[in-house]
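Visitor: Below is the structure I would like to discuss, written out as structure tokens.
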Amino acid sequence: MPLFVQKRGVDCLTSSAELFDRYPHLQENARAFRSKPFVDVDPKCLLYVQQREFAATTPADNCVSVIGSDDATTCHLVVLRHTGSGAVCIAHCDGSSTWSEVPLLVKTVTSLSNVSKEGRLELHLVGGFNDESKTSHKLSLSILAAFHKQKEDIHLETCCITEMNDIVVEGTNRPVIYGIGVNVKTGEVFPASFPQKGPAEELRSARTFTGGQMAEIYDSSRGLVKVGPCKWSPNLDIAFWLAQDDDTILKYLSTSPMAEPPHFVQHMKSTIQFLLHHPNSDSLFPGGQPQLYHRTERGDWERVVQS
206 MPLFVQKRGV DCLTSSAELF DRYPHLQENA RAFRSKPFVD VDPKCLLYVQ QREFAATTPA
266 DNCVSVIGSD DATTCHLVVL RHTGSGAVCI AHCDGSSTWS EVPLLVKTVT SLSNVSKEGR
326 LELHLVGGFN DESKTSHKLS LSILAAFHKQ KEDIHLETCC ITEMNDIVVE GTNRPVIYGI
386 GVNVKTGEVF PASFPQKGPA EELRSARTFT GGQMAEIYDS SRGLVKVGPC KWSPNLDIAF
446 WLAQDDDTIL KYLSTSPMAE PPHFVQHMKS TIQFLLHHPN SDSLFPGGQP QLYHRTERGD
506 WERVVQS
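Per this note's numbering, the very first residue in the sequence shown carries number 206; after that it's consecutive.
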């Protein structure tokens with residue numbers, strides 16, 4: 206039984222409520238996590254992860270001190286960390302391909318932990334809420350089941366998901382926590398917001414919007430953010446959305462229209478505008494090579510010009 210809670214194997218679950226009933230301390234931990242102060246993360250030390258992306262690194266990384274992600278409504282934010290090596294990974298999962306994504310995360314963290322014989326894999330899950338369509342509930346169960354199927358022992362430490370991450374505001378259910386950060390040096394996981402979501406924010410959003418699958422965006426050995434190469438074809442039909450009002454965009458482009466953060470519609474519009482300006486993705490990746498970004502001495506991400 207590879208998924209453990211307090212050193213006890215987790216049996217098959219039919220609901221997240223069943224998990225919290227069996228392990229009341231997970232409820233207590235979730236309430237404590239919800240009450241932590243939100244941190245506005247300094248972009249100069251941050252590696253930001255968008256939807257359908259993951260990134261992993263180790264405490265030896267001199268370019269990144271915090272990895273994080275936000276804007277999760279029904280999506281779940283997954284942190285996997287090896288306590289011996291300190292290798293840590295964060296992923297922004299939307300349910301598009303959970304069963305292939307989870308083994309990828311486990312493999313990535315274990316490969317960064319080969320030098321360390323001591324320690325264990327610890328899992329932190331945050332995200333979702335009591336949405337009407339039960340999308341969050343389904344994703345919670347799917348992620349837990351996928352980790353349960355891994356051959357490695359994985360210890361569930363934080364589980365602030367779905368009903369434990371729900372609050373009713375003016376009669377509408379929404380998440381308490383939309384974003385989290387992880388301190389790469391200490392492993393601390395905390396509620397967070399991110400004023401900057403780069404580098405290449407629009408390009409990365411376009412990749413997801415056009416159906417891109419989960420992608421690793423960081424090479425910790427070189428301190429490089431890697432984007433693409435991505436593939437999409439011209440689609441002028443998407444210009445239709447730019448003429449619609451905000452409510453229409455929310456209704457049709459969100460899994461949870463009533464719970465989205467205030468900038469959701471503008472984010473969608475800028476992504477669509479980017480795709481209309483770049484109808485063919487090939488021009489963005491000369492020679493079929495990815496876009497690479499390194500951290501400057503000022504702390505900004507800057508594109509690496511490849512010869």
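Ideal placement from N, C-alpha and C gives every residue a C-beta, glycine not left out. The structure presented is a predicted model; accordingly, all values stated were derived computationally and were not measured.
Just to confirm, is the Cβ distance from L317 to A261 under 9 Å?
Guide: Position 112 of the sequence shown, counted from the start, is the residue given in the question as residue 317. Position 56 of the sequence shown, counted from the start, is the residue given in the question as residue 261. Cβ distance < 9 Å, so L317 and A261 count as in contact.
Visitor: Looking only at its own chain, which residues have a Cβ that is under 6 Å from the Cβ of D245, when we skip the five neighbours before and after it?
Guide: Here residue 245 refers to the residue found at position 40 when the sequence shown is read from its first residue. Counting only Cβ-Cβ distances below 6 Å, and skipping sequence neighbours, we find S398.
Visitor: Quick one, which of N319, E368, Q255 and T288 has its alpha-carbon nearest H297's?
Guide: One-based indexing of the sequence shown puts residue 297 at position 92. If we check each option's Cα against that of H297, Q255 comes out closest.
Visitor: Assuming the contact rule is C-beta atoms closer than 8 Å, C365 and F445 should be a hit. Round their C-beta distance to whole Å, please.
Guide: Residue mapping note: residue 365 aligns to position 160 of the sequence shown, counting from 1. Residue mapping note: residue 445 aligns to position 240 of the sequence shown, counting from 1. Going by Cβ atoms, the distance from C365 to F445 rounds to 38 Å, so no, they are not a contact pair.
Visitor: Closer than 8 Å by C-beta to K390: which residues in its own chain qualify, once you throw out the five before and the five after it? Chain order, please.
Guide: Locating residue 390 in the sequence shown gives position 185, where the first residue counts as 1. Taken in chain order, the residues that qualify are P264, S270 and G291.
Visitor: Can you tell me the Cα-Cα spacing of V430 and F479, whole angstroms?
Guide: For the purposes of this step, residue 430 is taken as the residue at position 225 of the sequence shown. For the purposes of this step, residue 479 is taken as the residue at position 274 of the sequence shown. So the alpha carbons of these two residues sit roughly 20 Å apart.
Visitor: Just confirm the distance between the C-beta atoms of S341 and T367, as a whole number of angstroms; I'd bet it's less than 8 Å.
Guide: As a first step, residue 341 must be located in the sequence shown, where it is residue number 136. As a first step, residue 367 must be located in the sequence shown, where it is residue number 162. At roughly 5 Å, the Cβ-Cβ gap stays under 8 Å, so S341 and T367 are in contact.
Visitor: Could you please give me the residues that DSSP links to S398 through a beta bridge?
Guide: Translated into positions along the sequence shown, residue 398 becomes position 193. Paired residues: D245.
Visitor: Where does F334 fall in DSSP's three states?
Guide: Your numbering for residue 334 matches position 129 in the sequence shown. DSSP places F334 in coil when its eight states are reduced to three.
Visitor: Tell me V284's beta-bridge partners as DSSP assigns them.
Guide: If you number the sequence shown from 1, residue 284 lands on position 79. According to DSSP, V284 bridges with I295 and H329.
Visitor: Can you tell me whether Y457 is buried or exposed, with buried defined as 16 or more other CB within 10 angstroms of its CB?
Guide: If you number the sequence shown from 1, residue 457 lands on position 252. So Y457 counts as exposed.
Visitor: Whole angstroms are fine: how far does the CA of T501 sit from the CA of G273?
Guide: Against the sequence shown, residue 273 aligns to sequence position 68. Against the sequence shown, residue 501 aligns to sequence position 296. One C-alpha to the other measures close to 20 Å.
Visitor: Do S347 and Q418 have their CB atoms nearer than 9 Å?
Guide: For the purposes of this step, residue 347 is taken as residue 142 along the sequence shown, with counting starting at 1. For the purposes of this step, residue 418 is taken as residue 213 along the sequence shown, with counting starting at 1. For S347 and Q418, no; Cβs fall outside 9 Å.
Visitor: Can you give, in chain order, each stretch of the beta strand (DSSP E) that sits fully within the region 405 to 485 and has at least 3 residues?
Guide: 429 to 432
Visitor: Under 7 Å Cβ to Cβ from V394, same chain only, skipping five residues before and after it: list those, please.
Guide: Stepping through the sequence shown from its first residue, residue 394 is reached at position 189. Cβ neighbours of V394 beyond the five flanking positions: V284, H329, T363, I385 and V387.
Visitor: Of all the options T279, T288, H353 and E306, which has the alpha carbon lying nearest to the alpha carbon of K322?
Guide: For the purposes of this step, residue 322 is taken as residue 117 along the sequence shown, with counting starting at 1. With distances taken between Cα atoms, K322 lies closest to T288.
Visitor: Measuring CB to CB, does N267 end up less than 9 Å from G428?
Guide: On the sequence shown, position 62 is the one that residue 267 refers to. On the sequence shown, position 223 is the one that residue 428 refers to. Contact flag set, yes.
Visitor: Answer with buried or exposed for S345, where buried requires no fewer than 16 other C-beta atoms within 10 angstroms of its C-beta.
Guide: Translated into positions along the sequence shown, residue 345 becomes position 140. A buried status is given to S345, since no fewer than 16 other beta-carbon atoms sit within 10 Å of its beta-carbon.
Visitor: Hey, how far is the Cα of G333 from the Cα of G300?
Guide: Here residue 333 corresponds to residue number 128 of the sequence shown, with the count starting at 1. Here residue 300 corresponds to residue number 95 of the sequence shown, with the count starting at 1. Put simply, the backbone Cα of G333 is about 11 Å away from that of G300.
Visitor: Rounded to the nearest angstrom, what separates M206 and C250 at their Cα positions?
Guide: Counted from its first residue, the sequence shown places residue 206 at position 1. Counted from its first residue, the sequence shown places residue 250 at position 45. Below a pLDDT of 50, predicted positions are generally treated as unreliable, and M206, at 48, falls in that range; no measurement from the model is reported.
Visitor: Please name the residue or residues paired with W506 in a DSSP beta bridge.
Guide: For the purposes of this step, residue 506 is taken as residue 301 along the sequence shown, with counting starting at 1. Paired residues: R500.
Visitor: Please classify P380: does DSSP put it in a helix, a strand, or coil?
Guide: Counting from one through the sequence shown, the residue named residue 380 turns up at place 175. Residue state, collapsed to three classes: strand.
Visitor: Taking S461 and T279 to be in contact with their CB atoms under 8 Å, please state how far apart those CB atoms are, rounded to whole angstroms.
Guide: As a first step, residue 461 must be located in the sequence shown, where it is residue number 256. As a first step, residue 279 must be located in the sequence shown, where it is residue number 74. Indeed, because the Cβ distance is near 5 Å, the residues count as touching under 8 Å.
Visitor: Leaving out five residues before and five after F490 in sequence, what residues of the same chain have Cβ atoms less than 6 Å from its Cβ?
Guide: Start at 1 with the first residue of the sequence shown, and residue 490 comes out as number 285. These residues qualify, in order along the chain: G433 and P434.
Visitor: Determine the direct distance from the alpha carbon of V210 to that of L361, and round the result to whole angstroms.
Guide: On the sequence shown, residue 361 is found 156 positions in, with the first residue counted as 1. On the sequence shown, residue 210 is found 5 positions in, with the first residue counted as 1. If I take the Cα positions, the gap works out to 5 Å.
Visitor: Please indicate yes or no: does the CB of I372 lie closer than 8 Å to some heavy atom of the ligand NAD?
Guide: With respect to the ligand NAD, the structure offers nothing, as it holds no ligand at all.
Visitor: Could you check whether L218 and L310 sit closer than 9 Å to each other, using their CB atoms as the reference points?
Guide: As a working mapping, residue 310 is identified with position 105 in the sequence shown. As a working mapping, residue 218 is identified with position 13 in the sequence shown. Taking 9 Å as the Cβ cut-off, L310 and L218 do not qualify as a contacting pair.
Visitor: A448 to F414, Cα distance in whole Å?
Guide: Numbered from its first residue, the sequence shown carries residue 448 at position 243. Numbered from its first residue, the sequence shown carries residue 414 at position 209. Rounded to whole angstroms, the separation of the alpha carbons of F414 and A448 is 18 Å.
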